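**Student:** Protein chains in written order, with my numbering: chain A, 1 to 116; chain B, 1 to 891. Ideal Cβ positions, reconstructed from N, Cα and C, are used throughout, including at glycine. Just so you know, these numbers come straight off a predicted model, no measurement behind them.
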């Protein structure tokens, strides 16, 4: 059974930047983004894939990402998210802050990201 | 904001896409497809957190209507796709609803066209029918028999609410609120020609065509000038049907003459095709009321004979109520010459079946008809509800996603209800089509030849269909929708485990619906059984006279102007000649054939008693010639049959009485030789006692009857003939009549046909109930099967444990059956109670069996239990063959 602890979400903003960074490499659909983030954080940062979507919605609303339906590599329909110009600017501006947040997260989790 | 508002469907699709991609990845990592699906779902987590409801489901009520419509359209689209994916369910559900809704609409349309719909004539909403009732004087009403009532101050012909010709004239001349008033009556007439034809002639006042604004195809309608002095203007307007069938639509018919009875009439016009009169009886032709003496006994001058029906046209601004008040005043002014009488005039919008007596008959039959139709609608709805509950587990997976996506429960219920409404409206639409066709069938069941009912759907009929469909949708859709939407959100989307599926509550609900279905089908089948058995018994019943090879021949001597003496002479000669024919075993005269409801009724008493004693009730009688008993095979028990010779003048007429009458009037003494009489009637002497013969058919309780010799100056107008088996004597009998008078028209009926006609309602009822009951039973069996199968799947774990602990297959099977039988038992018990009540309501229509006939009740209940058990066998077998290892692991 799921409990409140299981579902703990990332601090707001952190996940936003993780997503933007993932999309820097190219357009991706929700599950792809989730997998990417999960793998890059060894399954720690994204406990539930579902918690990715509020962030995606938020980014979309701010105009940092744009979404459109397309066909994935698995030959399935998927909603692809891509970085907008505005989003790219935001990513650049926030990279410094991102580093600070990463450090903070590492401290909280008790691991050294540089060592990972 | 609006740009980012995403549709629910769009979000659902994104979630599905995500889950599939994740599952694809997990399969690559080595999971099986189903494991991967479950894992993908687990990894996704709570969908309601991924897409918080307030992000996209909150609606402002500004522009809410447009959004509501869009939402409805989307729900309808979704429902359509869902229904298309399950054609089996959809087809069965719709067919069930077509039947349930169609029957209700057809019944409504039938009664509506009879009692509410205006006549198909110009400005029909200004047309009114006018009826007259009296209080303060004894009045009776005896079917179609004319009889003198009470003190003899009023004669009643047919219905007591019609008027005499002088009364018509008074109303016509004095009513200010009517722009016109017409009276009409139908009489049978014989139209000369080869062959002669029996026609329904309407004698009408000459305002008839103007008041009704009846369409005329050729020539003209009747005009005021046609109603001159009695018998002076023999003109006729032909009906379209008769003009076509008899004259081949001859355009030159106007100006030619036709002979009706003994009078030549000049054709002045042909009525329009769509004009079929104003009532249930369709006129073949119309003649001026002043020609009435040429076709029927002269009734024009009698101020106290009710025979004309009235239809009037309201002046602009006049209302039926105001006109009723005015006409009542006119009627009351005539009451002064009738002490104690008080006239009340009723004015109603003109419909096909108008008048207080017909309206009362329709009202009383309406309750029964609508209860039956309502019951069938209810059973249909139960069946569809049961089908919907059966597919609930499948539906709940989809509902869980939607609920998890944040759709509020009422939105899910709304979407499921839209699906129900869609089903109901498709069923209702097809039911509406059924209602165009079915009322004609009802009419033909009620009246041979049908009735001129107009069943074209109009706003009210469509409105009724919509209303019934809507109610049906709520009946069958609301409960399953509420139940389907009732899911455990905590476990939503986690997996497909039973914990997220329908719970014990749903299962209980489903069993309740199945029990109700069984009860409903049992009720219908018991009624079918009762009617079928009653029908068979009645068909085989010994009515006390022969049925086979008995024919009745009735010549229209009255129409041909024969006096009673001439008619008696004609009949006597004819009878003698027919009796000598080779294919004829017996011939006799009677005033009425058995079973045709034409026997006269009288109150009789001992003529020596001081005052008439009415408490004994009525006695029915017919006039017969002496050979009648031999021809009909009615045995004389004591005394003799009727003598061949007439008694001396002043002597009582001889009569043979039935056993019932003998027991009733002379319980402890010899009835032979006794004298009895009707009030003011001739005395009769009992010369013989015959075994009871049930001339009235099955209404035999307290059936006192006597056969009277034909008195002088009277005649018995029907010749009954017993033909030898395999011999058709009809042509010879008719030829014998033609030899005597070639103008006489003879109508022929076989007693067999008369009996069939009488039994038809019982047969139709039995067939109808059997068809509906079988359908309901079939669907109930599906319900029983579904509930049992579901029960087994729910308890497979438990059964596995039991088997593992050493329970035998027989024990498992009886466990399953026992549980199912409880449901069946409750349904059957409820059905038996309902059937018992219903049987009491129809007891008057049953012959030969008690309403609670044990054979029918127990037989049907047994058959129903058998069908239910058969439906449970397969699930029970599956429970027995469960592999304990498998079921335990599967949990």
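Verify the CB distance criterion: does residue 43 (chain B) have a CB-CB separation below 8 Å to chain A?
**Tutor:** Yes, residue 43 (chain B) lies at the interface with chain A (some Cβ there is under 8 Å from its Cβ).
**Student:** Quick one: Cα of residue 832 (chain B) to Cα of residue 851 (chain B), how far?
**Tutor:** One C-alpha to the other measures close to 12 Å.
**Student:** Can you name the start and end residues of the beta strand (DSSP E) that residue 89 (chain B) belongs to?
**Tutor:** Segment 87-115 is the alpha helix (DSSP H) holding residue 89 (chain B); no beta strand (DSSP E) there.
**Student:** Run through the segment 228-291 of chain B for me and flag every whole alpha helix (DSSP H) of 4 or more residues, listed as ranges in chain order.
**Tutor:** Complete alpha helix (DSSP H) runs here, min 4: 240-247.
**Student:** Does chain A have any CB closer than 8 Å to the CB of residue 81 (chain B)?
**Tutor:** Not an interface residue.
**Student:** Let me see if you follow: with CB-CB separation under 8 Å, is residue 7 (chain B) close to chain A or not?
**Tutor:** No, residue 7 (chain B) does not count as interfacial toward chain A.
**Student:** Would you mind stating whether residue 360 (chain B) and residue 293 (chain B) have Cβ atoms separated by less than 8 Å?
**Tutor:** Not in contact: residue 360 (chain B) and residue 293 (chain B) (Cβ atoms no closer than 8 Å).
**Student:** Using a Cβ cut-off of 8 Å (strictly closer), state whether residue 26 (chain A) contacts chain B.
**Tutor:** For residue 26 (chain A), the answer is no, since every Cβ of chain B falls outside 8 Å of its Cβ.
**Student:** Determine the chain A residues that contact residue 50 (chain B) at a beta-carbon separation under 7 Å, and present them in chain order.
**Tutor:** Here the neighbours are 50, 51, 53, 54.
**Student:** Report yes or no: is there a C-beta of chain B within less than 8 Å of the C-beta of residue 78 (chain A)?
**Tutor:** Yes, contact with chain B.
**Student:** For residue 30 (chain A), go through chain B and note every residue whose CB falls closer than 7 Å to its CB, in chain order.
**Tutor:** Per Cβ cutoff of 7 Å: 14, 18.
**Student:** Just the C-alpha distance for residue 501 (chain B) and residue 61 (chain A), rounded to the nearest angstrom, thanks.
**Tutor:** Residue placement at residue 501 (chain B) cannot be trusted, given a pLDDT of 48 that sits under 50; the coordinates are not used to answer.
**Student:** In the DSSP assignment, the beta strand (DSSP E) including residue 636 (chain B) goes from what residue to what residue?
**Tutor:** Residues 636-639.
**Student:** In chain B, which residues lie less than 9 Å from residue 35 (chain A) when you measure between Cβ atoms?
**Tutor:** Those within 9 Å of residue 35 (chain A) in chain B are 21, 22, 25.
**Student:** Tell me the DSSP secondary structure of residue 69 (chain A) in three-state form.
**Tutor:** Here residue 69 (chain A) sits in strand by DSSP.
**Student:** When you compare only the Cα positions, how much space is there between residue 50 (chain A) and residue 50 (chain B)?
**Tutor:** Answer to the nearest angstrom: the Cα atoms are 5 Å apart.
**Student:** Verify the CB distance criterion: does residue 117 (chain A) have a CB-CB separation below 8 Å to chain B?
**Tutor:** This structure leaves residue 117 (chain A) out entirely; chain A is present only between 1 and 116.
**Student:** Along the chain, where does the beta strand (DSSP E) containing residue 81 (chain A) start, and where does it finish?
**Tutor:** Looking at the DSSP string, the run of the beta strand (DSSP E) that includes residue 81 (chain A) is 77-83.
**Student:** Just tell me which of B:870, B:796, B:830, B:694 has its CA closest to the CA of residue 633 (chain B).
**Tutor:** Comparing Cα-Cα distances from residue 633 (chain B) to each of B:870, B:796, B:830, B:694, the minimum goes to B:694.
**Student:** Three-state secondary structure (DSSP) at residue 523 (chain B)?
**Tutor:** Residue state, collapsed to three classes: helix.
**Student:** Roughly how many whole angstroms lie between the Cα atoms of residue 189 (chain B) and residue 744 (chain B)?
**Tutor:** Cα-Cα distance, rounded: 12 Å.
**Student:** Who are the Cβ neighbours of residue 772 (chain B) in its own chain at under 7 Å, not counting the five residues just before and after it?
**Tutor:** Same-chain partners within the cutoff: 376, 524.
**Student:** Residues in its own chain within less than 6 Å of residue 115 (chain A) by CB, not counting five upstream and five downstream?
**Tutor:** Reliability of the predicted coordinates at residue 115 (chain A) is poor, the pLDDT of 41 falling under 50, and no value is obtained from them.
**Student:** Could you check if residue 399 (chain B) belongs to the surroundings of the ligand ZN, using beta carbon to heavy atom distance under 7 Å?
**Tutor:** As for the ligand ZN, it is missing from this structure, which has no ligand bound.
**Student:** If you count every other CB in all the chains shown that lies within 10 Å of the CB of residue 257 (chain B), and 16 or more means buried, which is it?
**Tutor:** The residue in question, residue 257 (chain B), is exposed, as its Cβ has fewer than 16 Cβ neighbours within 10 Å.
**Student:** If we cut at 8 Å on Cβ distances, does residue 453 (chain B) have a partner in chain A?
**Tutor:** By this cut-off, residue 453 (chain B) is not an interface position.
**Student:** Here's the rule I'm using: 16 or more other beta-carbon atoms within 10 Å means buried, otherwise exposed. How should residue 415 (chain B) be labelled?
**Tutor:** Answer is buried; the Cβ neighbour count reaches 16.
**Student:** Can the beta-carbon of residue 625 (chain B) be found less than 8 Å from the beta-carbon of residue 710 (chain B)?
**Tutor:** In this structure, residue 710 (chain B) lies closer than 8 Å to residue 625 (chain B) by Cβ.
**Student:** Under the three-state reduction of DSSP, which class applies to residue 177 (chain B): helix, strand or coil?
**Tutor:** Coil.
**Student:** Could you tell me which chain A residues have their CB closer than 8 Å to the CB of residue 47 (chain B), listed as they occur along the chain?
**Tutor:** Within 8 Å Cβ-Cβ: 50.
**Student:** The beta strand (DSSP E) with residue 707 (chain B) in it runs from where to where?
**Tutor:** Per DSSP, residue 707 (chain B) belongs to the beta strand (DSSP E) from 705-709.
**Student:** Go ahead and pull the three-state DSSP assignment for residue 531 (chain B).
**Tutor:** Helix, per DSSP.
**Student:** Could you round the C-beta distance between residue 209 (chain B) and residue 277 (chain B) to whole angstroms and report it? I think they count as a contact, below 8 Å.
**Tutor:** About 12 Å separates the two Cβ atoms, so there is no contact after all.
**Student:** Any contact between the segment 247-266 of chain B and the segment 307-314 of chain B? By contact I mean 3 or more CB pairs, one from each, below 8 Å.
**Tutor:** Touching, no.
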